[in-house]
Each structure stands twice: as C-alpha cells, then as structure tokens.
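Colleague: Quick one: structure below, then a few questions.
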C-alpha cells in the first residue's frame, strides 16, 4: 500500500526564536492609541464555534493529524448557577484583567464551554506493529471550561480541560470511520495506542494589544487599513501538557476592534479570541509565531501507567501560522495554515497542517 509522502523539513526555530525574543520588549513599545470600539451593536454576545484542524490538505497523515472542537462562548449576566459558569467564575478569580474589568468596566468578560478531540499517529499508519522510533498512537477527548477578559489593550484567558486519553477517547474509532468515508488508508496501529488515563490541564495566556496604525472611524468603513500586534506569554500545567510559551501576532485589516488577536486554535497552539462584536463586512490577515519550553507532553512521554511505547520529547517547540479572517454580518470564517517544528528527538521532519474555524454570533 502506498506510503504517504513526508512534508519537507522547515527551518522555523530561528525565525520563531527571533519573534519570541522580541515579545517582552514589544510589550513596552510605544504605540498609537487604539480606535474606539463600536458600541452601537446591542445584540447579546453569544458565539457558537466549530473548529477543524487536519494535515490532509498537505498529503500527510501523522503527528497531530486531526483536531475537532465545538465551543460556546457568552458574556455572563447575573449569577448563573450552572456548573460551567461556576467553574468559569473560579477562573475569573485568577484573572487580574477580568477582575479589573468587572470592577471598573471598560472591557468585556466572557465564559466559554467546549468539547474537543485530538488524535496523534505515527508517520506510517499502515503498519500494525509498534514503530519504536516514531510516536505512539494517542487520542484525547475533553471538556473545556474557560474565562476570557479583554479591553482595548489587554487580553487574558484561563482554560481548564478535563478529559480522557486512550481508547476511551474514541479517537481510534473516529479516524477509522473517517478514513472509510474519504477512502484513505486504514490506520492499523490503534491497538498500540496509549492506555486510558484521565487528563486535567490548566492553560493561561496574557496578551497586550498594541496599535501600529489605526483608522479614525471605529467602524472601519472607508478608512485606511488598521495594523496591530499582540505579544503574549502563557503556560500550561497538568498531566497532559506542561510548558511555558511566548509569542506575537500581527494583523492588518478593517475594524480590528471587532476581536482581539487571531482566531481561536486547538491547544497547544497560539492563543485566539473566541468572541467578536459588531456587524457588517470586515476582513483581516494575520501572521505570528510562538515558542514553547516543554516539560511534559503525554502524547510523546507516555502515560503514568506503564506502556511499551514512548519517545523523548523535544524541550523546545515552535509554531508559525498565517491566515485570513472574514467577518460578514454575524458570521466569522477563519482559514489558517500552521507549521510546527519537530516535537520528539527521533523525528527528522516538521509538521504542516490547516485549520478551518466557523463561528456564528447570536
């Protein structure tokens, strides 16, 4: 059976290192005052988002090969007693930006609830035996509870993921059924996947929006293009991922006050804005990079339960992404192309995949 072709090696580490090194200095950089926000839209801000990330567009089927996520974000009113709102309020208590916005106004606080599934496979999925030098098969299905706080110059997010790694995640079943639909090679090695283990992970990101140029009309109609940047730092702590990160995103487009940073991504990846505001037609292009110092990645290092297959993860991983966002009425469509440097020592190739994000605002 034919073997899928490997992606060409990328020379990203130096590029991302330069981006990351400039992050903290960019935070203090002088910038123009941001345009005022468009406050004429009184619609309730609730957003439903579907995300699909896959490497099939680049003729590969390996590493982080597929991610699915469905999320609901909303601006809370009153004292909701639902479990997800209670968890989000606990996360809000950890947020200096969120606490200030709730106390003084001048910004927005959102809660999010999501469900997602990630799958990871070795390079050759037609082999049923363990491939010692390649990564193990692994799946991760989770519930996500989140809190996002933002104002005209600041962005902060906390997210808590709770889920299952292993056969209980259902990732093997998902990939086999999907490959039947698209008439692709059947993945033969899921019998060797990592064993069942509960996963709990906390994610944090702090960003600073800085304006490079901006139009005088916040609605962005008939004004010059706006340009902004958002350096960020972050961390993840848990038995699934443990790492520290830093990076930066640049955008150029119309009415950039409608959201903050790039569109949301499935973690671990660069941060993005779940919620957006306003109406009408707008667009922007974005590009950015992030570096992560990795202490643990369960999908490479293996579960706490003994398992015959694991690989040595790299201590530094870099991501680079470019993309475009279209906002039309209450819809937002984002297309992203992402690159990731090799994640484990016995790998000699980097990864390339695409993300499609579709959101509807209510």
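Residue numbers (mature numbering (1 follows the signal peptide of the UniProt record, and there is no 0)): -31 to -1, 1 to 331. All C-beta atoms, glycine included, are put in the ideal place defined by N, C-alpha and C.
Would you call the stretch 48 to 64 in contact with the stretch 97 to 108, where contact means no fewer than 3 C-beta pairs closer than 8 Å?
Modeller: No contact exists between the stretch 48 to 64 and the stretch 97 to 108.
Colleague: How is residue 235 classed by DSSP in three states: helix, strand or coil?
Modeller: Taking the first residue of the chain shown as 1, we reach residue 235 at position 266. Looking at residue 235 - three-state DSSP - the assignment turns out to be coil, as it is neither helix nor strand.
Colleague: Would you mind stating whether residue 303 and residue 288 have Cβ atoms separated by less than 8 Å?
Modeller: Numbered from its first residue, the chain shown carries residue 303 at position 334. Numbered from its first residue, the chain shown carries residue 288 at position 319. No.
Colleague: Using the Cα positions of residue 257 and residue 311, report the straight-line distance between them to the nearest angstrom.
Modeller: Numbered from 1 along the chain shown, position 288 holds the residue referred to as residue 257. Numbered from 1 along the chain shown, position 342 holds the residue referred to as residue 311. Each residue's alpha carbon lies about 18 Å from the other.
Colleague: Within the continuous alpha helix (DSSP H) that includes residue 57, where are the two ends?
Modeller: Position 88 of the chain shown, counting from 1, holds the residue named residue 57. Unbroken alpha helix (DSSP H) run through residue 57: 52 to 61.
Colleague: Does DSSP classify residue 244 as helix, strand or coil?
Modeller: Position 275 of the chain shown, counted from the first residue, corresponds to residue 244. Residue 244: coil per DSSP, three-state reduction.
Colleague: Please go through the same chain and pick out, in chain order, the residues whose beta-carbon is closer than 6 Å to the beta-carbon of residue 19, but skip the five residues on each side of it.
Modeller: Within the chain shown, the letter at position 50 stands for residue 19. Closer than 6 Å at the Cβ level, and outside the excluded window around residue 19, lie 39 and 327.
Colleague: On the criterion of 16 or more Cβ atoms from any shown chain inside 10 Å, does residue 169 qualify as buried, or is it exposed?
Modeller: What you label residue 169 is simply residue 200 of the chain shown in a count that begins at 1. Exposed is the call here.
Colleague: Starting from the C-beta of residue 196, find all residues in its chain whose C-beta is less than 6 Å away, skip the five residues before and the five after it, and write them out in chain order.
Modeller: Along the chain shown, read from residue 1 onward, the residue named residue 196 stands at position 227. Cβ neighbours of residue 196 beyond the five flanking positions: 181, 182 and 221.
Colleague: Let me know the secondary structure DSSP gives residue 146 once reduced to three states.
Modeller: For this step, residue 146 is matched to residue 177 along the chain shown. Note: residue 146 maps to helix in three-state DSSP.
Colleague: Residue 256 bridges to which residues according to DSSP?
Modeller: The residue you call residue 256 lines up with position 287 of the chain shown. Paired residue(s): 219 and 291.
Colleague: Quick check on residue 214: does DSSP put it in helix, strand or coil?
Modeller: The sequence position of residue 214 within the chain shown is 245, counting from 1. Residue 214 falls in the strand class under three-state DSSP.
Colleague: I'd like to confirm the pairing. Which residues does DSSP put opposite residue 78 in its beta bridges?
Modeller: Residue numbering aside, residue 78 sits at position 109 when the chain shown is read from its first letter. The partner list for residue 78 (beta bridge, DSSP) reads 118.
Colleague: Count the other CB atoms within 10 Å of the CB of residue 172; is the residue buried (16 or more) or exposed (fewer)?
Modeller: Here residue 172 corresponds to residue number 203 of the chain shown, with the count starting at 1. That one is buried.
Colleague: Going by the DSSP bridge assignment, what does residue 320 pair with across the sheet?
Modeller: Taking the first residue of the chain shown as position 1, residue 320 is located at position 351. Residue 320 is bridged to 309.
Colleague: Buried or exposed, going by whether 16 or more other CB atoms sit within 10 Å of the CB of residue 125?
Modeller: Within the chain shown, the letter at position 156 stands for residue 125. Buried.
Colleague: Looking only at C-alpha atoms, which of 95, 115 and 97 sits nearest to residue 82?
Modeller: For this step, residue 82 is matched to residue 113 along the chain shown. Closest option to residue 82, Cα to Cα, is 115.
Colleague: Using three-state DSSP, classify residue 22 as helix, strand or coil.
Modeller: Position 53 of the chain shown holds residue 22. Looking at residue 22 - three-state DSSP - the assignment turns out to be strand.
Colleague: Mapping DSSP to helix, strand and coil, what is residue 325?
Modeller: If you number the chain shown from 1, residue 325 lands on position 356. Strand, per DSSP.
Colleague: Give a yes or no on whether the C-beta atoms belonging to residue 261 and residue 214 are separated by under 8 Å.
Modeller: On the chain shown, position 292 is the one that residue 261 refers to. On the chain shown, position 245 is the one that residue 214 refers to. Cβ distance < 8 Å, so residue 261 and residue 214 count as in contact.
Colleague: With distances taken from CA atoms, which of 238, 329, 319 and 129 is nearest residue 54?
Modeller: Position 85 of the chain shown holds residue 54. The residue with the shortest Cα to Cα distance from residue 54 is 129.
Colleague: Straight-line CA distance for residue 276 to residue 175?
Modeller: The residue you call residue 276 lines up with position 307 of the chain shown. The residue you call residue 175 lines up with position 206 of the chain shown. In a straight line, the C-alpha of residue 276 is about 36 Å away from that of residue 175.
Colleague: Which word fits residue 65, buried or exposed, when buried means at least 16 other C-beta atoms lie within 10 angstroms of its C-beta?
Modeller: Numbered from 1 along the chain shown, position 96 holds the residue referred to as residue 65. So residue 65 ends up on the exposed side.
Colleague: Thinking just about the alpha-carbon of each residue, which of 34, 14 and 28 is nearest to the one in residue 21?
Modeller: Walking along the chain shown from the start, residue 21 turns up at place 52. Cα-wise, what sits closest to residue 21 is 34.
Colleague: What does a CB cutoff of less than 8 Å around residue 315 pick up in its chain, not counting 5 residues either side in sequence?
Modeller: By 1-based counting over the chain shown, the position of residue 315 is 346. Excluding sequence neighbours, residue 315 sits near 102, 103, 280 and 281.
Colleague: Residue 76 and residue 119 look like a contact to me (Cβ under 8 Å); what is the Cβ gap, rounded to whole Å?
Modeller: Indexing the chain shown from 1 puts residue 76 at position 107. Indexing the chain shown from 1 puts residue 119 at position 150. Indeed, because the Cβ distance is near 6 Å, the residues count as touching under 8 Å.
Colleague: So, for residue 159: in the same chain, excluding its five sequence neighbours on each side, which residues have a beta-carbon less than 6 Å away from its beta-carbon?
Modeller: On the chain shown, residue 159 is found 190 positions in, with the first residue counted as 1. Same-chain partners within the cutoff: 106 and 141.
Colleague: Can you give me the Cβ contacts of residue 145 inside the same chain, cut-off strictly under 8 Å, excluding the 5 residues immediately before and after it?
Modeller: Position 176 of the chain shown, counting from 1, holds the residue named residue 145. If we look at residue 145 and ignore the five residues flanking it on each side, its Cβ neighbours are 155, 156 and 159.
Colleague: Return the residue from the list 236, 96 and 325 that minimises the CA-CA distance to residue 293.
Modeller: In the chain shown, the residue the question calls residue 293 occupies position 324. For residue 293, the nearest C-alpha among the options comes from 325.
Colleague: Would residue 274 and residue 300 be called neighbours here (beta carbons separated by less than 8 Å)?
Modeller: Numbered from its first residue, the chain shown carries residue 274 at position 305. Numbered from its first residue, the chain shown carries residue 300 at position 331. No, these two residues do not count as a Cβ contact at 8 Å.
Colleague: On a CA-only basis, which of 295, 286 and 305 is nearest residue 318? Give me that one, please.
Modeller: As a working mapping, residue 318 is identified with position 349 in the chain shown. Of the candidates 295, 286 and 305, the one whose C-alpha sits nearest the C-alpha of residue 318 is 286.
Colleague: So what does DSSP say about residue 67, is it helix, strand or coil?
Modeller: Locating residue 67 in the chain shown gives position 98, where the first residue counts as 1. Residue 67: helix per DSSP, three-state reduction.
Colleague: Please state whether the Cβ-Cβ distance between residue 117 and residue 259 is less than 8 Å.
Modeller: Start at 1 with the first residue of the chain shown, and residue 117 comes out as number 148. Start at 1 with the first residue of the chain shown, and residue 259 comes out as number 290. No, Cβ-Cβ distance for residue 117 and residue 259 is not below 8 Å.
Colleague: Less than 8 Å between the beta carbons of residue 199 and residue 223, yes or no?
Modeller: Looking up residue 199 in the chain shown gives position 230. Looking up residue 223 in the chain shown gives position 254. The answer is no: Cβ separation not under 8 Å.
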